[in-house]
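What follows is one structure encoded as structure tokens, with my remarks underneath.
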Amino acid sequence: MSLSLLSLPLQALPHPLAPAQLIRAIDPRVPVGIKRRLVEPLLNRTFAEPLAEGEFDALEGRRITLAIEDIGMSLTLTQESERLLVCHEPGEATIRGGWREFLCLATRREDPDALFFQRRLLIEGDTELGLMVKNLLDGREEGLAQGPFGELLVRLERLARRTS
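In terms of the numbering used here, the sequence shown has 125 at position 38, counting the first letter as 1, and numbering is strictly consecutive.
See the structure below:
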């Protein structure tokens with residue numbers, strides 16, 4: 088490290104981006120192929136049992152977008168051959184809300200119906216498809232807070248408490 092960098096006043100150094108700003112800046116630039124490699128294995132392990140039991144069959148050939156507005160992230164999912172896939176095409180339905188609301192939905196910290204009735208989470212487009220996906224998530228007794236995905240959610244929840 089050069090001596091000139093060490094002698095800069097602190098106000099001249101750039102401030103690190105908050106996690107939400109960082110995600111908002113990066114997510115649109117991440118190719119779908121990379122998102123697939125990161126997200127699909129996690130989703131398919133998390134939902135292995137309901138996928139095998141055909142609970143997601145109504146999503147076969149259909150697309151739903153999860154839009155986490157406050158961090159500028161969205162993900163469109165479909166099902167094909169008992170696997171959840173990330174896709175590039177727009178969703179027929181969108182579940183839209185903030186990351187804390189999605190976190191509450193996934194961890195079952197709040198009643199999922201209340202999140203929708205209070206309009207903290209919204210379903211747009213094909214409402215029937217959106218409600219089907221919401222009910223699938225709601226129908227999981229333990230929520231999504233199991234295994235590696237659950238560990239990630241717990242970390243996000245701790246971060247949410249610190250930034251509140």
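Note that CB positions come from ideal geometry on N, CA and C, so glycine has one too.
- Contact between L209 and G184 holds, since their C-beta atoms are separated by about 6 Å, short of 8 Å.
- By the beta-carbon neighbour count (other beta carbons within 10 angstroms, threshold 16), Q166 is buried.
- Per DSSP, the unbroken beta strand (DSSP E) holding L171 starts and ends at R170 to C174.
- Contact annotation: the segment 168-183 touches the segment 109-127, with at least three C-beta pairs closer than 8 Å.
- Taking the Cα of L224 as reference, the smallest distance to any Cα among I110, E142, T163 and E156 is reached at E142.
- By the 16-neighbour rule on beta-carbons within 10 angstroms, F204 is exposed.
- Here DSSP, grouped into helix, strand and coil, assigns R187 to helix.
- Straight through space, the alpha carbons of C191 and G148 are spaced by roughly 28 Å.
- Within the DSSP bridge table, the entry for L202 names no partner.
- Checking the DSSP bridge columns, you'll see I158 has no partner listed.
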